[in-house]
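Following: one structure in structure tokens, then a few remarks.
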Amino acid sequence: MLTQADHALLSLLRENARASTADLARKLGLSRTTVQSRIERLENRGMIRGYSVQLSPEYQQNLVKAHVLVTALPKFAVRVEASLRKIPWVRTLHSVSGQFDMIVIVEAPSIQELDRLLDEIGALEGVERTMSSIILSTRIER
144 MLTQADHALL SLLRENARAS TADLARKLGL SRTTVQSRIE RLENRGMIRG YSVQLSPEYQ
204 QNLVKAHVLV TALPKFAVRV EASLRKIPWV RTLHSVSGQF DMIVIVEAPS IQELDRLLDE
264 IGALEGVERT MSSIILSTRI ER
């Protein structure tokens with residue numbers, strides 16, 4: 144079970160995974176050794192699986208992003224997922240309930256590349272249909 148301090152630590156790390164232990168300790172009102180021990184415990188328990196890069200707004204503003212709703216033939220869902228994992232421009236894949244089976248978040252360096260990417264996803268073996276929406280702006284991202 145996670146403590147309030149663990150939740151607060153995870154929140155700070157989500158904001159800046161490269162924050163120093165001393166900085167985290169100061170913000171949490173804990174000692175550096177306590178924070179380091181908590182981080183190691185969270186890593187060992189698998190709560191923290193890794194650290195990632197947050198890209199600058201300047202880089203991200205030049206990417207074209209889209210949500211792609213995918214309906215897969217039932218026997219091919221696992222194969223479609225495996226194929227999507229191999230596409231480097233796929234950023235997130237959600238399995239969902241409802242009219243569609245998956246929501247795929249993609250990004251591309253241009254509209255032309257996004258068009259090619261959407262065609263590639265639609266042509267995957269087992270994909271029955273897709274519907275895509277280009278993301279115009281992101282209002283909240285946590």
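Numbering (our numbering), first residue to last: 144 to 285. Where is the CB? At the ideal position from N, CA and C, for every residue including glycine.
From this set, Leu-279, Asn-159 and Val-239, which residue's C-alpha is nearest Val-196's C-alpha?
When C-alpha distances from Val-196 are compared across Leu-279, Asn-159 and Val-239, the shortest belongs to Asn-159.
What are the boundary residues of the alpha helix (DSSP H) that Val-178 is part of?
175-187
Out of Arg-161, Arg-181 and Ile-246, which one is the CA nearest neighbour of Ala-151?
Arg-181
State yes or no: is the C-beta of Asp-244 within less than 8 Å of the C-beta of Thr-214?
Yes, the pair counts as a contact, with Cβ atoms nearer than the cut-off.
Three or more beta-carbon pairs under 8 Å between the stretch 260-276 and the stretch 230-249, yes or no?
yes
For Ala-168, count neighbouring C-beta atoms within 10 Å of its own C-beta (all shown protein chains included) and say buried if the count is 16 or more, exposed if not.
buried
Can you look up Glu-271 in the DSSP assignment and give me helix, strand or coil?
strand
In angstroms, rounded to a whole number, what distance separates the CA positions of Ser-253 and Leu-260?
10 Å
Could you check the C-alpha separation between Ala-165 and Thr-176 for me, to the nearest Å?
9 Å
From the DSSP output, read off the bridge partner residues of Leu-212.
DSSP output for Leu-212 lists Ile-246 and Met-274 as bridge partner(s).
By the three-class DSSP mapping on this structure, what secondary structure does Thr-164 have?
helix
The beta strand (DSSP E) that contains Arg-234, what's its start and end?
233-238
Grab me the residues of Leu-206's own chain with a C-beta within less than 8 Å of its C-beta, minus the 5 sequence neighbours each way, in chain order.
Excluding its 5 nearest sequence neighbours in each direction, Leu-206 has C-beta neighbours in its own chain below 8 Å: Glu-250, Ala-251 and Pro-252, listed in chain order.
Buried or exposed: which applies to Leu-257, given that a residue is buried once 16 or more other Cβ atoms fall within 10 Å of its Cβ?
buried
Output needed for Leu-185: all residues of its chain with C-beta closer than 6 Å, excluding positions within five of it in sequence on either side, in chain order.
Ile-191
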